[in-house]
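Peer 1:
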Amino acid sequence: MPPVFRFAPSPNGYLHLGHAYSALLNHDLAKRSGGHFLLRIEDIDATRCRVEFEQAIYEDLAWLGIAWETPVRRQSEHFAAYRAAIDRLSAERLVYPSFESRADIARLVAESQAAGAWPRDPDGAQLYPGAAKSLSAEQRDRLIGQGAPFALRLDMAAACARSGSLRWQEAGEGPAGETGDVAARPEAWGDVILARKETPTSYHLSVVIDDALQGVTDVVRGVDLFWSTSVHRLLQELLGLPVPAYRHHALIRDAAGQKLSKSTQATGLRELRAEGASPADIRRLVGLP
323 MPPVFRFAPS
333 PNGYLHLGHA
343 YSALLNHDLA
353 KRSGGHFLLR
363 IEDIDATRCR
373 VEFEQAIYED
383 LAWLGIAWET
393 PVRRQSEHFA
403 AYRAAIDRLS
413 AERLVYPSFE
423 SRADIARLVA
433 ESQAAGAWPR
443 DPDGAQLYPG
453 AAKSLSAEQR
463 DRLIGQGAPF
473 ALRLDMAAAC
483 ARSGSLRWQE
493 AGEGPAGETG
503 DVAARPEAWG
513 DVILARKETP
523 TSYHLSVVID
533 DALQGVTDVV
543 RGVDLFWSTS
553 VHRLLQELLG
563 LPVPAYRHHA
573 LIRDAAGQKL
583 SKSTQATGLR
593 ELRAEGASPA
603 DIRRLVGLP
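The opening residue of the sequence shown carries number 323 in the numbering used here; numbering runs sequentially from there.
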């Protein structure tokens with residue numbers, strides 16, 4: 323069975339050199355292996371994703387010489403699939419609603435820090451204190467009935483107890499040189515958000531469901547997502563989903579050594595193209611033959 327690769331940008335800005343590297347690398351690997359290359363539009367954030375950015379993705383990729391199979395999967399068209407997964411996890415008592423605002427959480431963390439340093443996740447964000455777990459079912463139902471905003475969180479302790487230890491095969495390299503057989507550490511992320519009242523999914527949930535439904539066999543993406551794989555392995559185990567092979571690659575950085583952002587015009591594909599760069603120039607700039 324031929325391998326299946328994918329490139330999955332969010333249309334919340336224009337593509338830059340980092341996106342070009344990941345897209346070209348996936349496309350090259352698919353072509354060399356006789357596999358498939360898919361394009362997925364991760365547009366669950368309705369407040370930031372825009373049609374013009376999505377159209378620009380198609381234009382930039384076509385200009386680079388990248389061809390993808392159709393139809394393109396747009397996440398905003400598949401909320402029912404994500405909701406079904408949430409319902410399954412909820413039925414197994416692995417998901418609970420939390421009602422605190424960001425300010426409320428910051429206050430709870432500050433109170434907890436009085437007794438010592440508060441743990442942070444691999445991205446550096448402080449872990450959720452878990453206060454909502456103490457609410458009774460009646461209290462939760464009442465708040466939801468009153469229209470209170472909420473996030474649906476994974477009960478990490480219960481989920482890890484259910485799954486046991488997990489691993490994945492890494493063909494690339496993690497931030498500290500991790501490669502080969504890697505032990506997942508989902509507990510390092512705390513009770514991650516899987517959905518919100520207004521959006522029935524999150525990045526973590528939708529990416530594992532999409533990869534499974536699209537038959538993705540090889541996930542090739544930036545090393546900044548390396549430890550997110552721990553959460554993805556956990557969700558795959560809980561939902562009975564297949565496990566792809568992973569390959570995390572180095573990031574393309576700016577002159578100051580910082581990770582590129584979609585606001586970095588100096589490395590934006592549209593800007594470089596307007597200045598006369600060719601697709602071959604882009605490949606050279608990102609270090610691909």
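Ideal placement from N, C-alpha and C gives every residue a C-beta, glycine not left out.
(1) Could you check if residue 512 is buried or exposed, using at least 16 other CB atoms within 10 Å of its CB as the buried criterion?
(2) Is residue 608 near residue 346, with beta carbons less than 8 angstroms apart?
(3) My understanding is that residue 506 touches residue 555, with C-beta atoms under 8 angstroms, so please give their C-beta distance in whole angstroms.
(4) Answer with buried or exposed for residue 458, where buried requires no fewer than 16 other C-beta atoms within 10 angstroms of its C-beta.
(5) Taking only runs that begin and end inside the stretch 555-599, name each unbroken beta strand (DSSP E) of 3 or more residues, in chain order.
(6) Quick check: the Cα distance between residue 577 and residue 549, rounded to an integer number of angstroms?
(7) Closest to residue 462 by C-alpha separation, out of 385, 418, 442, would be which residue?
(8) Work out the CA separation of residue 562 and residue 397 for me, nearest whole Å.
(9) Please go through the same chain and pick out, in chain order, the residues whose beta-carbon is closer than 8 angstroms to the beta-carbon of residue 375, but skip the five residues on each side of it.
(10) Once you ignore the five residues that flank residue 343 on each side, which residues in its own chain have a CB closer than 6 angstroms to its CB?
(11) I'd like the span of the alpha helix (DSSP H) that includes residue 403, first residue to last.
(12) So, are the CB atoms of residue 326 and residue 539 less than 8 angstroms apart?
(13) Kindly list the residues whose CB is nearer than 6 angstroms to the CB of residue 356, restricted to its own chain and excluding five residues on each side of it in sequence; keep chain order.
Peer 2: Checking against the coordinates, here is how it stands:
(1) On the sequence shown, residue 512 is found 190 positions in, with the first residue counted as 1. Residue 512 should be labelled buried.
(2) Working through the sequence shown from its first residue, we reach residue 608 at position 286. Working through the sequence shown from its first residue, we reach residue 346 at position 24. For residue 608 and residue 346, yes; Cβs fall inside 8 angstroms.
(3) What you label residue 506 is simply residue 184 of the sequence shown in a count that begins at 1. What you label residue 555 is simply residue 233 of the sequence shown in a count that begins at 1. Confirmed, about 4 angstroms.
(4) Along the sequence shown, read from residue 1 onward, the residue named residue 458 stands at position 136. By the neighbour-count rule (16 or more Cβ atoms within 10 Å), residue 458 is not buried but exposed.
(5) 567-571
(6) Counting from one through the sequence shown, the residue named residue 577 turns up at place 255. Counting from one through the sequence shown, the residue named residue 549 turns up at place 227. One C-alpha to the other measures close to 25 angstroms.
(7) Position 140 of the sequence shown, counted from the start, is the residue given in the question as residue 462. The residue with the shortest Cα to Cα distance from residue 462 is 418.
(8) Along the sequence shown, read from residue 1 onward, the residue named residue 397 stands at position 75. Along the sequence shown, read from residue 1 onward, the residue named residue 562 stands at position 240. Roughly 20 angstroms between the two C-alpha positions.
(9) For this step, residue 375 is matched to residue 53 along the sequence shown. 333, 334, 335, 336, listed in sequence order.
(10) On the sequence shown, residue 343 is found 21 positions in, with the first residue counted as 1. The answer, listed in chain order, is 574, 608.
(11) Along the sequence shown, one-based indexing puts residue 403 at 81. Residue 403 -> alpha helix (DSSP H) spans 401-413.
(12) What you label residue 326 is simply residue 4 of the sequence shown in a count that begins at 1. What you label residue 539 is simply residue 217 of the sequence shown in a count that begins at 1. In this structure, residue 539 lies closer than 8 angstroms to residue 326 by Cβ.
(13) Your numbering for residue 356 matches position 34 in the sequence shown. Around residue 356: 324.
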